[in-house]
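Here the structure comes first, spelled out in structure tokens, and everything after it is commentary.
Number of protein chains: 2
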Amino acid sequence: MVVHKKQIQTGTLGKALALLDLIATSREPLRFIDLLHLSGQPRGTLHRQLSHLLEEGLICLNDETGTYELGIRLLNWAALTWSRSSLRQVAEPFLKSIHDRTNETVHLAVLRGERVVYLDKVESRQAVRMHSQIGNTSPVYCTGVGKAMLSVLEDKTLEELAKRIEFKRYTEHTLANASALLLEVNDIRVQGYAEDREEHEVGIRCVAAPIISAKGQLQGGISVTAPVFRLQVGQLEQWQLWVKETAQAISAQLATRMGPYA
Amino acid sequence: MVVHKKQIQTGTLGKALALLDLIATSREPLRFIDLLHLSGQPRGTLHRQLSHLLEEGLICLNDETGTYELGIRLLNWAALTWSRSSLRQVAEPFLKSIHDRTNETVHLAVLRGERVVYLDKVESRQAVRMHSQIGNTSPVYCTGVGKAMLSVLEDKTLEELAKRIEFKRYTEHTLANASALLLEVNDIRVQGYAEDREEHEVGIRCVAAPIISAKGQLQGGISVTAPVFRLQVGQLEQWQLWVKETAQAISAQLATRMGPYA
DNA sequence: TGTTTTAGTTCCAAATAATGGAATTGATTT
DNA sequence: AAATCAATTCCATTATTTGGAACTAAAACA
Numbered sequence: 001m002v003v004h005k006k007q008i009q010t011g012t013l014g015k016a017l018a019l020l021d022l023i024a025t026s027r028e029p030l031r032f033i034d035l036l037h038l039s040g041q042p043r044g045t046l047h048r049q050l051s052h053l054l055e056e057g058l059i060c061l062n063d064e065t066g067t068y069e070l071g072i073r074l075l076n077w078a079a080l081t082w083s084r085s086s087l088r089q090v091a092e093p094f095l096k097s098i099h100d101r102t103n104e105t106v107h108l109a110v111l112r113g114e115r116v117v118y119l120d121k122v123e124s125r126q127a128v129r130m131h132s133q134i135g136n137t138s139p140v141y142c143t144g145v146g147k148a149m150l151s152v153l154e155d156k157t158l159e160e161l162a163k164r165i166e167f168k169r170y171t172e173h174t175l176a177n178a179s180a181l182l183l184e185v186n187d188i189r190v191q192g193y194a195e196d197r198e199e200h201e202v203g204i205r206c207v208a209a210p211i212i213s214a215k216g217q218l219q220g221g222i223s224v225t226a227p228v229f230r231l232q233v234g235q236l237e238q239w240q241l242w243v244k245e246t247a248q249a250i251s252a253q254l255a256t257r258m259g260p261y262a
Numbered sequence: 001m002v003v004h005k006k007q008i009q010t011g012t013l014g015k016a017l018a019l020l021d022l023i024a025t026s027r028e029p030l031r032f033i034d035l036l037h038l039s040g041q042p043r044g045t046l047h048r049q050l051s052h053l054l055e056e057g058l059i060c061l062n063d064e065t066g067t068y069e070l071g072i073r074l075l076n077w078a079a080l081t082w083s084r085s086s087l088r089q090v091a092e093p094f095l096k097s098i099h100d101r102t103n104e105t106v107h108l109a110v111l112r113g114e115r116v117v118y119l120d121k122v123e124s125r126q127a128v129r130m131h132s133q134i135g136n137t138s139p140v141y142c143t144g145v146g147k148a149m150l151s152v153l154e155d156k157t158l159e160e161l162a163k164r165i166e167f168k169r170y171t172e173h174t175l176a177n178a179s180a181l182l183l184e185v186n187d188i189r190v191q192g193y194a195e196d197r198e199e200h201e202v203g204i205r206c207v208a209a210p211i212i213s214a215k216g217q218l219q220g221g222i223s224v225t226a227p228v229f230r231l232q233v234g235q236l237e238q239w240q241l242w243v244k245e246t247a248q249a250i251s252a253q254l255a256t257r258m259g260p261y262a
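Just so you know, the sequences run in chain order A and B.
Going by the UniProt record's numbering, the final residue of the first sequence carries number 262, and the count climbs one at a time with no gaps.
Going by the UniProt record's numbering, the final residue of the second sequence carries number 262, and the count climbs one at a time with no gaps.
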């Protein structure tokens, strides 16, 4: 959320979490020997690091296969993170309200590095299943909320972030490079809302707006998403207004009632 | 899940996570000064530890209130933990099946220390909202799944665990001490299933059974929960069978197709 | 069955990071 | 402007981590 003034060396903790991330992001189940190659750490070091992660419940060892999985303690922390998130708490009724009016999927998301993390979702029939979205991430440059959030960042921050992005084409409309993104963000700044015109998935469009704090700091964003075939003429124009209004209402509310646990 | 052979000193990582847990489990938002008192660490040490957690995205600092909140990175890890859990993947269709037959809430849970952590849930109308259960915990001694899981542990492990529990009366039926619990677990071992007779919440009953690995190691448990007013005569007796059968079917399936990501 | 290979664990002197008290800076109140 | 309180920085001391090598366990091979 906040951009770092200076890079801090996180020492032992950083190394342990890098290892955890390796396990978390691998698409294959990993054994000791795999981690040995992937991490590039010496045997002794890796062994102790894994012992510590294991002991702390951040990972667990599958007895049958000898592979490491993510631990249940992470789930527990996440449940607390979610339920206490002040942004989420404040936004909840607003998300419901906009969903009632649009009857389409509404997302609440925050920015984390070059990716968007979904914090909440209100969906048509089905309510949220965890696997659907919460805690999952998407690239910032081809999602409505992503681009909306970028529009709040300062130029310098934005440019640095854009430079770090690895652009990948998901559809023919996906923005293909940093300059195209910066150009589009400029438009978004003027309009106050962002659109996703089938940039991430063919047949899916959305409108989104950023949420800011009293001090103007980026807090997150909301979006309404719909399949193209269900869109009426002028519908997105209507939703634009609602999304902008709602994001501003959430921002205003955040300024009043801050802090979690309230 | 697995009981430790020996206690390992987790050093720096352990200290950092203890601090994270302090923030996670506090019912009040905490500022630096609060953490200074709570943690008992010297100023310099605490400051560096917080900087590291902050830098790693495990916590974030609320600019307006100066209080620390849990970070989004935890949510992201949890989403991966959940979606890849081999137990959850294997259990999913079985949970649906038993829900179709009972039309009541079905839970999948695992044991973590003296508490039960919910891994999945299939509910009547509403599908899962994260806040409903996933990642949340309950005491082991007054839940159906909790007692069912205890029944798989070895005597020594069980007794040590029971000794560590702080018993709290939730209803007049709550088991009040370790010996009552051990006695009940003995019955469960014979029957192969556990009951919760309004022990956690008045008006709520459930039946549960444990899931084990090929080697007989405890993997988790499932339960069917219903409000007393909706229960027909002989209904729990029917569900007992289903829950036992289903838990065994999951155990069998686990033995075949192990490992996450499959 | 014994041998080889591979995977995982333990050890310990050297290198690195964490510690914590004190001094400093910054913000808020009187 | 002074006083109070909160947060941050500094650095010599202390504790932990590091990593190569030796060791053990288990599986694959002969």
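Glycine included, every Cβ here is placed at the ideal spot set by N, Cα and C.
Quantities reported herein were computed from a predicted structural model and do not represent experimental measurements.
is_contact[residue i, chain B] using C-beta, thresh 8 Å
i: VAL117(A); result: yes
i: ARG73(A); result: yes
i: SER138(A); result: no
i: THR10(A); result: yes
i: GLY57(A); result: yes
i: VAL233(A); result: no
i: GLY40(A); result: no
i: GLU154(A); result: no
i: GLU160(A); result: no
i: GLU69(A); result: yes
i: TRP242(A); result: no
Under 7 Å from the C-beta of residue i: neighbouring residues of chain A
i: ALA208(B); result: The premise fails here: ALA208(B) is roughly 18 Å from chain A at the closest Cβ pair, so nothing lies under 7 Å.
Simplified DSSP state of residue i, which is helix, strand or coil
i: ALA262(B); result: Confidence in ALA262(B) is poor, its pLDDT being 42 and thus under 50, which makes the residue's placement unreliable; the coordinate value appears in the next sentence. DSSP places ALA262(B) in coil when its eight states are reduced to three.
i: VAL122(B); result: strand
i: ASN177(B); result: coil
i: GLY44(A); result: helix
i: GLN219(A); result: strand
i: ARG129(B); result: Caution is warranted here: a pLDDT of 48 is assigned to ARG129(B), below 50, making its placement in the model unreliable, and no coordinate value can be reported.
i: ASN76(A); result: helix
i: ASP62(B); result: Sequence check: residue 62(B) is Asn here, not Asp. Strand.
i: VAL228(B); result: helix
i: ARG169(A); result: coil
i: ILE134(A); result: coil
i: HIS200(B); result: coil
i: GLU55(B); result: helix
i: GLU28(A); result: coil
i: ILE188(A); result: helix
Neighbour list for residue i in chain B, Cβ cutoff strictly below 8 Å
i: GLN217(A); result: ASP63
i: VAL110(A); result: ILE72
Cutoff 8 Å: residue i Cβ touching any chain A Cβ
i: ILE222(B); result: no
i: ALA24(B); result: yes
Within chain A, partners of residue i - CB distance below 9 Å
i: SER51(B); result: ILE8 and THR10
Amino acids of chain A, ordered along the chain, whose beta-carbon sits closer than 8 Å to that of residue i
i: SER214(B); result: First, the amino acid is wrong: residue 214(B) is Ala here, not Ser. Result: GLU64.
i: GLY14(B); result: HIS52, GLU55 and GLU56
Cross-chain neighbours of residue i in chain B, by beta carbon under 9 Å
i: ILE33(A); result: The contacting residues do not exist; ILE33(A) stays about 15 Å from chain B at best.
Residue range of the alpha helix (DSSP H) that includes residue i
i: ASP196(A); result: Premise fails: ASP196(A) lies in the beta strand (DSSP E), 194-197, not in any alpha helix (DSSP H).
i: ARG205(A); result: Unbroken run through ARG205(A) is the beta strand (DSSP E), 204-212; no alpha helix (DSSP H).
i: ILE33(A); result: 32-39
i: LYS147(B); result: 144-150
i: GLY14(B); result: 11-25
i: GLU154(A); result: Where GLU154(A) is concerned, there is no enclosing alpha helix (DSSP H), given that its DSSP letter is neither H nor E.
i: VAL243(B); result: 235-256
Proximal residues of chain B, C-beta to C-beta of residue i below 7 Å
i: LEU17(A); result: GLU56
Where the beta strand (DSSP E) containing residue i begins and where it ends
i: SER138(B); result: 137-139
i: THR67(B); result: 67-70
Next item on the list: Could you tell me which uninterrupted beta strand (DSSP E) segments, each at least 3 residues in length, are contained entirely in the stretch 80-123 of chain A, listed from first to last along the chain?
Entry: 105-112 and 115-122
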